[in-house]
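Heads up, the sequence shown stops at 287 in the working numbering, and the numbers go up one at a time, no gaps. Backbone N, C-alpha and C fix where the C-beta goes; we use that ideal spot for every residue, glycine too. Notes follow once the structure below has been shown.
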Amino acid sequence: MILSQKILNYTNNKNNIMTIIILHGLFGNKNSLLQLGYLLKQKINYPIILLDLRNHGQSTNNMDMRYSTMAHDVVETLNFLNINQKVILIGYSMGGKVAMYLTTLLKNIIYKIIILDIAPITYVFSLKNIFLSFKKIHDMNITTKIQAYNIMKLYITDHYTINILLDMFNNGHWEFNWFFIQQQYRNISGWNLIYPWLGKIMFLKGKQSNYIKLEYYKTIFKQFPYAIIYNINAGHFMHITHTYDVLQQILIFLEQ
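Okay, structure coming up:
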């Protein structure tokens, strides 16, 4: 599957030495990390490509959401764009897992990887209430964000999460296929151990987030022996609430 793209710092120069690929999280799209992309554009003169992963944004809907499949989508898209030089992968949450799986497919061209607040493990988080709210909105043919908000607050206690989700609700439609995502959530929350990748990778851990716990470190280093783990004083949505802190650590890591 060729994924929908947004390209910053576009150039048709085939001699580009590096391309940055940014992969969003669950219920997001290629605009979710656009602010980070624009900030990187001001600092780094590489092409920056933000992608819609399958079942998100303008990319095709498909029931299969295994990480092997989603990673192959990225490879197919890079081939379509004639990108065969070194790449830097930046992945947030689900997109981070896609980036990690890409080490099994693109190990010869990956220069560095930055993972935002996700670990290569199977999670047991339940999104039952979120999916229930999606179904209720669908069944009631809700068309406005105010109506959707009033329903979602009955199921979801964190109003910040509601507002982030509602960024993806426009004209009565979600910019992701919540039904397919619900059916595939076991694959999305899961993870199969991959062969160790000996390249340079940095994990940015949110101090107020429970996505990268101390007990996960052993599993991280088993798959990524040279990983760096850096704390950001933020929650899971660090790319939104602490964009400049994330940017600063990315720039430091890329200069090393």
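query                                                                                             : result
Distance between Leu158 and Ile232 (C-alpha atoms, nearest Å)                                     : 29 angstroms
Same chain only: Cβ atoms within 7 angstroms of Phe58, ignoring 5 sequence neighbours per side    : Leu196, Met199, Phe207
Nearest neighbour of Ala130, chosen from Thr272, Asn139, Ile146 [CA to CA]                        : Ile146
Span of the beta strand (DSSP E), counted from its first residue to its last, around Ile75        : Careful: Ile75 lies outside any beta strand (DSSP E) and carries neither H nor E.
Contact between the stretch 213 to 227 and the stretch 183 to 197 (3+ Cβ pairs under 8 angstroms) : no
Exposure label - Met125; buried when at least 16 CB within 10 Å                                   : buried
Local conformation of Gly88 per DSSP, three classes                                               : coil
Tyr154 - partner residues in DSSP beta bridges                                                    : None, per the DSSP bridge assignment.
Enclosing alpha helix (DSSP H) for Gly126 [first to last residue]                                 : 125 to 132
Buried or exposed (CB count within 10 angstroms, at least 16 for buried), Pro256                  : exposed
Tyr292 burial status per 10 Å Cβ neighbour count (16 or more: buried)                             : Residue 292 is absent from the structure shown; the chain starts at 32 and stops at 287.
Among Asn201, Arg97, His190, the one whose alpha carbon lies nearest that of Gln213               : Arg97
Own chain, CB closer than 7 angstroms to Thr91, minus 5 neighbours either side, in chain order    : Met32, Arg85
Opening and closing residue of the alpha helix (DSSP H) in which Thr79 lies                       : Checking the sequence, you will find Ile at residue 79 rather than Thr. Element bounds for Ile79: not the alpha helix (DSSP H) but the beta strand (DSSP E), 79 to 82.
Same chain, Cβ closer than 6 angstroms to Ser63, five either side skipped, listed in chain order  : His55
Of the residues Gln36, Tyr41, Asn60, the one placed nearest Trp209, counting alpha carbons only   : Asn60
Where Gly237 sits in the DSSP three-state scheme                                                  : strand
C-alpha gap between Tyr226 and Ile271, whole angstroms                                            : 32 angstroms
Boundaries (first-last residue) of the alpha helix (DSSP H) holding Met94                         : No alpha helix (DSSP H) contains Met94, which DSSP labels as neither H nor E.
Residues sharing a beta bridge with Lys231, DSSP                                                  : Lys143
Closest residue to Gly122 among Thr134, Lys176, Ile75 (Cα-Cα distance)                            : Thr134
Integer Cβ distance of Leu282 from Lys117, believed to fall under 8 angstroms                     : Actually they do not touch by this definition, with Cβ atoms about 17 angstroms apart.
Within 8 angstroms, strictly: CB atoms of Ile304 and Asn115                                       : With the chain represented from 32 up to 287, any question about residue 304 goes unanswered, as that position is not in the structure.
Beta-carbon proximity check, Ile149 vs Lys128, cutoff 8 angstroms                                 : yes
Ile219 - containing alpha helix (DSSP H), residue span                                            : 216 to 220
Among Lys253, Gln254, Ser240, the one whose alpha carbon lies nearest that of Ile263              : Ser240
Contact check, Val105 vs Leu82, beta carbons under 8 angstroms                                    : yes
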